[in-house]
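Here the structure comes first, spelled out in structure tokens, and everything after it is commentary.
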Amino acid sequence: MDALISFGATTAITFFVFLIGVPIFMAFLRLFGLYCVVREGTCHVYVLFGKVLGIYDEPGLYLLPLKIGPKALLVNLLGERYVLDMRLDQQYLRSQPVN
């Protein structure tokens, strides 16, 4: 019975540590420019010292050091990231006359 209580306590502690720790760890990785998440309908443009390093317009998870190289570690500190909205604007056309 003592082993079951120990197992349950260890499981609960591990669950809550990972529940809080993993998002904080991922935020630090994103802060240092190790990855980015491009959402659907957006485009990320990375600029360092006026030079475009990368354009990501397909949705997904990108590991920036593999795509940009070692400059990915500098782009969040010294450069800029532009998030552009690439969605098409739709207009309501039902009230317009046809002929």
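Numbering follows our numbering, with no gaps: position 58 of the sequence shown is 64.
Glycine included, every Cβ here is placed at the ideal spot set by N, Cα and C.
query, result
"Within the region 26-60, note down every full beta strand (DSSP E) run reaching 3 residues or more, in order along the chain.", "41-44, 48-54"
"Where does V23 sit, in a helix, a strand or coil, going by DSSP?", "helix"
"Return the chain-ordered list of same chain residues with a C-beta closer than 8 Å to the C-beta of M92, the five sequence neighbours on each side being excluded.", "G47, T48, C49, D63"
"Determine the direct distance from the alpha carbon of Q96 to that of Q102, and round the result to whole angstroms.", "14 Å"
"Is D8 helix, strand or coil by DSSP?", "helix"
"Of the choices L90, F31, L40, whose alpha-carbon is the least far from that of P71?", "L40"
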